[in-house]
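Below: the structure, in structure tokens.
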Amino acid sequence: MSNIIVPRRNFLANATALGVGGAVQRLGLAGLSAAAGFGSSTAIAQTANDYKALVCVFLFGGNDGNAMVLPYDQAAYDAYAAVRTVASGINVARPDAAQAVTSNGDGKQYFFHPNLGAFRDLFRIGKLAVQSNVGTLMEPLTRAQYVARSKMRPENLFSHSDQTAQWQSSTSRGDILSGWGGRIADRLTSANGDSAVPLSLSFSGSQMFGNGITTSLLALPTNGNFGIAGAPAATGTPSAAQLARMSAISKINGFANDAGMAGAGATIFKRALDASALIAPITSSTTSAVRTSFTGINSGIANQLYAVARMIEARQTLGHKRDIFFVSQGGYDTHSGQPGAHANLYAQLGAAMLAFYQATLQLGVANQVTSATMSDFGRTFKPASGAGTDHAWGNHQVVMGGAVQGGKVYGNFPVHALGGVDDAGNEGRWIPTTSVDQFGATLSTWFGASNSDLDYIFPNLNRFASRNVGFMG
Amino acid sequence: MQQIKTDSSALIVKRTVWRKSKVGGGVTEAHLDQATPPPKLSRIAQYTRGVVLGIVGFSAFAVSTLYAPQALAQVSGEAVMRYRVYSPTGKRHFYSTDKNEVGLLPQSGWQIEGPIYKLLKGTGSIDGVPAVPLYRLYSPILFKHFWTTDPAESAGLTAAGWVAEGADGYVSPKKTANTVPLHRLYLPSVREHLWTTDENEKTVLTTRAGWIFEGTIGFVIPLSAAELANRPPVAAVEVSASTALVTGASLTLTAAVSDLDNNVTKVSFYDGYSLLGTKTSAPYVVELTNSRFGQRNFVAVAEDSLGAVKSSTVYPIEIQPIPQDIVRLLKQSSFGPTPATLQEAQTIGAAAYVDAQLNMPITPYPAYAFMPQNKPDSCIDACERNNYSLYKLQNDFFINTQTAPDQLRQRVAFALSQIFVVSGNEEQIAYANRNYQQLLFDLSFCNFNDILYLVTLHPLMGRYLDMVNNAKATSPTGVQPNENYARELLQLFSIGIWELNQDGTYKRGADGNPIASYDQADILNFSKVLTGWTYPTLAGSTPRFNSPTNYLGAMVQIENQHDVTAKTLLGDVVSPAGLAAQPDLRRAIDNVFAHPNVGPFFSRQLIQHLVTSNPSPAYVGRVAAVFNNNGVGVRGDMKATVRAILLDAEARGDAPADPKFGRLREPVHLTASFARTMGAATDGIYLKNVSAQMGQNLFYSPTVFNYYPADYVVPGTNLEGPQFGIYNATTAFTRANFFYQMTFNNGSNADTGVAGSIGTKIDMTALRSIAGEPWRLVDRINSQLMFGSMNAQMRNAIIEAVNAVASTDVAGRANTALYLAGQSMQFQVER
């Protein structure tokens, strides 16, 4: 399974409370004041060096974090291998000690999947952290509370579309109208002045994550032209026919004059046209200082991260001080044949992220760019028929960058026991001990969001004890 | 040569000029026209040549010497007749050697006075004297023509804004034995010139009507005695139609032609100024198919062997547009209306048309050979492409969109393929995918229960969602049955995640929240039901679990891998312990099929695929009611359901009431319908490639959630628009650029590496032929592509853009117009 475009709950049910009004209503007071222009964002210092980028690396299909980061300590590994037996077909063997990494703080040892040597190395130099057992939550939840339904559960657990939407929006119940990356953009977009290119950019098509309430993402190609065929060239004198044609395109689509589908499409088209002149030279360029970092790797995720690096390289052309990027890798819905799938996916992912980190070093912005993985959900600890795993819940994510307080596994690593304290049922579906809100708020704070911004971006954050889980210092 | 301006605006300007002249010169219209013996050259010409048509009456200037028979001039080069025509409204003469041009002028009120003398068509000599050009010039400001043999005068006028239109012909610069002088006269009061070989006319006008003789500009060849005696033919045109006079009608044009001289050589049929066809012998009949809506003005122009030209009177016909209701029906039920389908639906009505479609035989995919799972080394190039990828299947799909008569089935099966998703990303062996898509053809108009059951047992689905080789649990703590198919069966294929009312809205619990329609326990129970199935047994093999991969036939059960414990199904229905795999599955599918969500859940999605993205709850409810009971107690009747969708009041009518009505055409539909509606020739290759670039690689859905989510909401709006899930800044450009490729880049060429490839091209000839007049070009596209739905703003914008392209660049003009119409959101969104 590859990337899914985030759908959301059927709108019909609430057809009377839609649009921005509906969104604001759901956001409560914080959202209302924000929409009214109060409690506005932290002013971002307008200095040349003040640039930051946040990169969301979405692993579509539900990455099995249980196979990405594993306990190395013998007793813990044995508990793992007792369920994920060799016979199940999905066991990851315990490597020799040279492969193990030690987490700062409690000193526990872990190891990464053998095809994620890049993660291991970045972890060791302190540029990569693991946030363990993070996931969608309405409020803190224990196994007992989950079983008794005494606290709110997220809706539609274990569903790809719903959990993906919840991860991207940090909204686990009710209508989902915007993504948290987009809401960061809502608050910080002024940092980019009047650039025709939005703060939130996707190299993976339309995604909830980057669409805010007042701002929208722009979906870009990883390479090639980004514009209208037959449009006037950047240089030279356009013909009268060309100019008339371009003018007609604007008139015909009557940009946003139509309340229906045509107007909606025209609005998207217009935003693309507005950004074309700035973006096209970047995406169609075949030269870049960071090309060398990506030499020899051509996976989809590598191509996307290469495109991100080129955007960062062109940040001054774009007039940007803040960028949020969405990239993705699909194929993690490993119901069967998991080891073979992981071998490919993780090799591509590790190489691409390492190359990207190197590119940020080349550009001198390693400390200003943070990348974080996300995914639909974790997967059952218990193996499924066919050497696979099924949809689960809490999951491990990695955060990479020069500003990351790396070399540490954050959060509460789940107890690997079916029906154990962290299991929602008996198949090893971990109940998250850190929420998406906390995970996102930690990144947002680093990115420049103020405390009041956080209330706007993560309306549910106040239900959790900590607003910062530490991996960004 | 530019055709003389004869449109109504030009005539108005002529009158304006005329009135200005009156003021300045004091000559009244009445004075020229009637008070003095009128210098009506038409009468002179007609009288003197004995023509029996038109105005026949007294002329004071009947002079017999003018065209006295003379010996034939010795000519090297081709002699052509020069005609004189007269506009009674413009009070002006016009001259031309172009018979086609002359033949068309009567439509604008001009009268053909007939051939008056001859010129050389090209260079040559007359009576041994080298001929010189007679230049024709046109003033776009004065809307009139001027002729001269003086190159200096021609150059001077050109410098003053006149447009040189080339040579009308060649004349002798001096008197020869067999030529007559061509005089130029001028009437200063009205600033009009007159050219004549008629000495008497010259005399009368200069002595009695104020004209000034400006000299003889050359010498021309007089008509022969036979030509003078010749009588022009008489033509009348009649139109008959076998069907109603609506868009797409077939018409028969018949010209009744008579000629006293019996020397007719050619009859040309025109619609206005557009040549429809010519006939050189009786019967003078042309057939017109696929007529466009609007006013048609048919004219026949007859010529005879001695050069006489005669127009019939105009036969006007109003071709009615196809009712928008019928156009909409064809948009909803096919990959684009065609003249033939519009005619059929218009003739028999929407209900009968839908019924005919529902009962039409299947246009199947071609049979694909079974291939071993491991590609033989000998299978390379075309073999590999056709059998181990979906290359050919995609092409076959697109060809069906263009030509299959059972369009409704094609549309419904395509919708089903986007609900019951399998993907080439998982398995792209061609015969398996072909068989799966063929199964959807076969099941489109059967029962939904059969779709659920047979899709479930198709080995390609088994492979995609892991039901194949799904084993019962090894032990309570060991490997568990795979949940994948169980979950997507419920979430995507049948009931969805929320309990629904019959109208598709959510049921609500006491707390006001929607109610989940199943929970994880249901998934676990269904995952147990769905154990014990493996690939169909290959010929020569023994049935066993983990049977070798094979997609011929349905999956087979291996009982010792089936979980025989009791299962609790939806609605707490218990399926007892001990059931074998097949009866256990049958009960489970029946259990799912009986769930009240199925009707609204499926009906709403099918409405979204065929008609509109935001159907009202009432519409969903009406269709779901038919799904639930087709009227004779059958649940899940696909024919009845499709019929209810298409014939519902919310789908029918000339215009959708709700501005939010409609659906964005997804890439496959956009490209296929543009090609089909424009009558493109295509092998499907480019269409599938460009659709993939737009985010829809046919039959390679990125996930089981289809290319786009069924409940996608367009960001920033309260509109559901599933197809907007793949409409973004990048694909917006790809889509617009598709239309650029199809027009300015002349589509796509044949792939020389593919047998039978013809590329994808639209024949632009007809559009180019009317590109001289931007409004006609745009109206034609409005009629052909958009069926009259183009709004005035868009029409004006396109006309403006077309006008910016040189009138000589007819290809550029046609491309501009069609490109702009195609890329418009008015076309991309189907309403």
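Protein chains in written order, with the numbering used here: chain A, 7 to 479; chain B, 1224 to 2054.
Built from N, CA and C at the ideal position, the CB exists for glycine as well.
How would you label residue i, buried or exposed, when you count the other beta carbons within 10 angstroms and need 16 or more for buried?
| i | result |
| --- | --- |
| Asn1582/B | exposed |
| Ala1285/B | Here Ala1285/B scores only 33 on pLDDT, less than 50, and its place in the model should not be relied on; the value that follows carries that caveat. Exposed, by the Cβ-count rule. |
| Leu1683/B | buried |
| Asp1786/B | buried |
| Leu2041/B | buried |
| Asn1736/B | exposed |
| Lys1469/B | Residue identity check: residue 1469/B is Val in the sequence provided, not Lys. Val1469/B should be labelled buried. |
| Asp382/A | buried |
| Asp396/A | buried |
| Asp56/A | exposed |
| Leu1887/B | buried |
| Val1797/B | exposed |
| Val61/A | buried |
| Gln444/A | buried |
What does residue i reach in chain B if we use C-beta pairs closer than 9 Å?
| i | result |
| --- | --- |
| Ile503/A | What is shown of chain A runs 7 to 479, which leaves residue 503/A out entirely. |
| Gly394/A | Asp1689, Asn1705, Asn1707 |
| Ala178/A | The sequence given here has Ser at residue 178/A, not Ala. Within chain B, no residue comes near Ser178/A; the closest Cβ sits about 13 Å away, beyond 9 Å. |
Below 7 Å on C-beta distance, what does residue i contact in chain A?
| i | result |
| --- | --- |
| Met2017/B | Ile258 |
| Glu1996/B | What Glu1996/B touches in chain A: nothing, since even the nearest Cβ is about 17 Å away. |
Can you pull the chain A residues whose beta carbon is under 9 Å from the beta carbon of residue i, in chain order?
| i | result |
| --- | --- |
| Thr1772/B | Ordered by position in chain A, no residue passes the 9 Å Cβ test against Thr1772/B, which lies about 13 Å from the chain. |
| Ser1836/B | Met267 |
Pull the bridge partners of residue i from the DSSP assignment, please.
| i | result |
| --- | --- |
| Gln1334/B | Tyr1309/B |
| Arg1315/B | Ser1310/B |
| Tyr1444/B | Tyr is not the amino acid found at residue 1444/B; the sequence shown has Ile there. Looking at the DSSP assignment, Ile1444/B forms a beta bridge with Lys1341/B. |
| His1892/B | Partner(s): none; His1892/B has no beta bridge. |
| Gly394/A | Ala390/A |
| Tyr1358/B | Thr1371/B, Ala1390/B |
| Tyr1493/B | Leu1498/B, Val1522/B |
| Pro1353/B | Ser1348/B |
| Thr1419/B | His1406/B |
Quick one: which chain B residues come within Cβ less than 8 Å of residue i?
| i | result |
| --- | --- |
| Val89/A | Thr1700 |
| Pro5/A | Nothing about residue 5/A can be read from this structure; chain A reaches only from 7 to 479. |
| Pro389/A | Gly1701, Val1702, Gln1703 |
Discussion item. Quick check on the DSSP output: what are the complete alpha helix (DSSP H) runs of length 4 or more inside the region 1716–1789 of chain B, in order along the chain?
Written reply: 1743–1752
Fill in: Cβ contact check for the region 1526–1543 of chain B and the region 1318–1326 of chain B: 3 or more pairs under 8 Å
yes
Worksheet item: Given 8 Å as the limit, is there contact between the region 171–178 of chain A and the region 458–477 of chain A, that is, 3 or more CB pairs closer than that?
Response: yes
Practice prompt. Inspect the CB distances between the region 412–429 of chain A and the region 76–93 of chain A and report whether three or more fall short of 8 Å.
Written response: yes
Item to complete: For the region 1555–1607 of chain B, list the alpha helix (DSSP H) runs that are entirely contained and at least 4 residues long, ordered along the chain.
Response: 1562–1571, 1573–1581
Worksheet entry | Complete runs of the alpha helix (DSSP H) confined to the region 1814–1868 of chain B [at least 4 residues] | 1821–1833, 1840–1851
Worksheet item: Should the region 1659–1679 of chain B be regarded as contacting the region 302–315 of chain A, the criterion being three or more beta carbon pairs within less than 8 Å?
Response: no
Discussion item. Would the region 1827–1843 of chain B count as touching the region 1643–1654 of chain B if we require 3 or more Cβ pairs under 8 Å?
Written reply: no
Fill in: Given 8 Å, three or more beta-carbon pairs between the region 108–123 of chain A and the region 380–389 of chain A
no
Fill in: Complete runs of the alpha helix (DSSP H) confined to the region 49–96 of chain A [at least 4 residues]
71–74, 80–89
Worksheet entry | Cβ pair count under 8 Å reaching 3, the region 1513–1525 of chain B against the region 1341–1358 of chain B | no
Discussion item. As an exercise, report each continuous alpha helix (DSSP H) stretch of at least 4 residues that is fully enclosed by the region 1974–2030 of chain B, in chain order.
Written reply: 1988–1992, 1997–2007, 2015–2026
Worksheet entry | At least 3 beta-carbon pairs within less than 8 Å: the region 1733–1749 of chain B vs the region 1767–1774 of chain B | no
Worksheet item: Would you call the region 1748–1755 of chain B and the region 1775–1784 of chain B touching, i.e. three or more CB-CB distances under 8 Å?
Response: yes
Worksheet item: Are there three or more Cβ pairs, one per stretch, closer than 8 Å when the region 2036–2051 of chain B is compared with the region 1569–1587 of chain B?
Response: no
Fill in: Any 3 or more C-beta pairs closer than 8 Å across the region 1685–1694 of chain B and the region 1723–1730 of chain B
no
Practice prompt. Specify whether the region 1914–1928 of chain B and the region 1943–1958 of chain B touch according to this definition: at least 3 beta carbon pairs, one from each stretch, less than 8 Å apart.
Written response: yes
Worksheet item: Are at least three pairs of beta-carbons, each pair with one atom in the region 1888–1904 of chain B and one in the region 1800–1811 of chain B, less than 8 Å apart?
Response: no
Item to complete: Scan the region 1646–1703 of chain B and note each continuous alpha helix (DSSP H) run of 4 residues or more that stays entirely inside, going in chain order.
Response: 1653–1666, 1671–1680, 1682–1687
Fill in: At least 3 beta-carbon pairs within less than 8 Å: the region 1383–1403 of chain B vs the region 1429–1438 of chain B
no
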